[in-house]
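K.L.:
Let me give you the structure first, and then I'll get to my questions.
In this note's numbering, the protein residues as written are 315 to 501.
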């Protein structure tokens, strides 16, 4: 994922499966050798030089991984507001994921979603987990000109709680999972 802020700085996110990754001279080790994939965030200035970089572990399962597979964390979408706050929307498959403010617990034995906000210096402002017992998968995040946040995701749960908004399935018996768009107010 890639997004550019009003000052011309680029934020880049991706997943790595190797034991370490070099992000502009900053080498980061994988969080756990048992993780199938960890993710990274990098801020580049308008000249392409690294301002900061971070990695986050996909986490692990305490016991053998469930049928859903090994642990994994991926960023599915990035958005930056006019004040330079970076919003990250992603998916994780592990018992929990820690983005810097303590672990977000997975609600089941499948994938859940996370939302995190970082300031322009890379400091975590907030993080939250969203999902249920069944599979949830983040797809995209978009901010409009007034700061409203739009989230596109898939879920196999009857409802997904975003605090201000609860998304409910349509009840279509032919689909195991459904796509959702949720609109949340500016922060």
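Note that the Cβ used here is the ideal one computed from N, Cα and C, for glycine as well. Because the structure is a prediction, the values reported are computed rather than measured.
1. With a threshold of 16 other CB atoms inside 10 Å of the CB of residue 390, please say whether the residue is buried or exposed.
2. Determine the burial state of residue 463: buried for a count of at least 16 other Cβ atoms within 10 Å of its Cβ, exposed for fewer.
3. Quick check on DSSP: helix, strand or coil for residue 440?
4. Need the endpoints of the beta strand (DSSP E) that residue 402 sits in, please.
5. Can you tell me whether DSSP reads residue 425 as helix, strand or coil?
6. From which residue to which residue does the beta strand (DSSP E) around residue 312 run?
7. Excluding five sequence neighbours on each side, which residues of the same chain lie with their C-beta closer than 7 Å to the C-beta of residue 447?
8. By the three-class DSSP mapping on this structure, what secondary structure does residue 449 have?
9. According to DSSP, residue 419 sits in a beta bridge with which residue or residues?
10. Please return the same chain residues whose Cβ sits closer than 6 Å to the Cβ of residue 397, not counting the five positions on each side in sequence.
11. Nearest to residue 332 by CA position, among 371, 402, 436, is which residue?
P.N.:
Inspection of the coordinates gives the following:
1. Indexing the chain shown from 1 puts residue 390 at position 76. Buried.
2. Here residue 463 is taken as the residue at index 149 of the chain shown, counted from 1. Buried: at least 16 other Cβ atoms inside 10 Å.
3. For the purposes of this step, residue 440 is taken as the residue at position 126 of the chain shown. Residue 440 falls in the strand class under three-state DSSP.
4. Here residue 402 refers to the residue found at position 88 of the chain shown. From DSSP, the beta strand (DSSP E) with residue 402 extends over 400-407.
5. Taking the chain shown and counting its residues from 1, the one referred to as residue 425 is at position 111. Coil, per DSSP.
6. A query on residue 312 cannot be resolved here, the shown segment of the chain reaching from 315 to 501 and no further.
7. The residue given as residue 447 occupies position 133 in the chain shown. Answer for residue 447: 421, 422, 471, listed in chain order.
8. The residue given as residue 449 occupies position 135 in the chain shown. Correct three-state label for residue 449: coil.
9. In the chain shown, the residue the question calls residue 419 occupies position 105. Bridge partners of residue 419: 410.
10. Here residue 397 refers to the residue found at position 83 of the chain shown. Answer for residue 397: no residue qualifies.
11. Working through the chain shown from its first residue, we reach residue 332 at position 18. Nearest option by C-alpha distance: 371.
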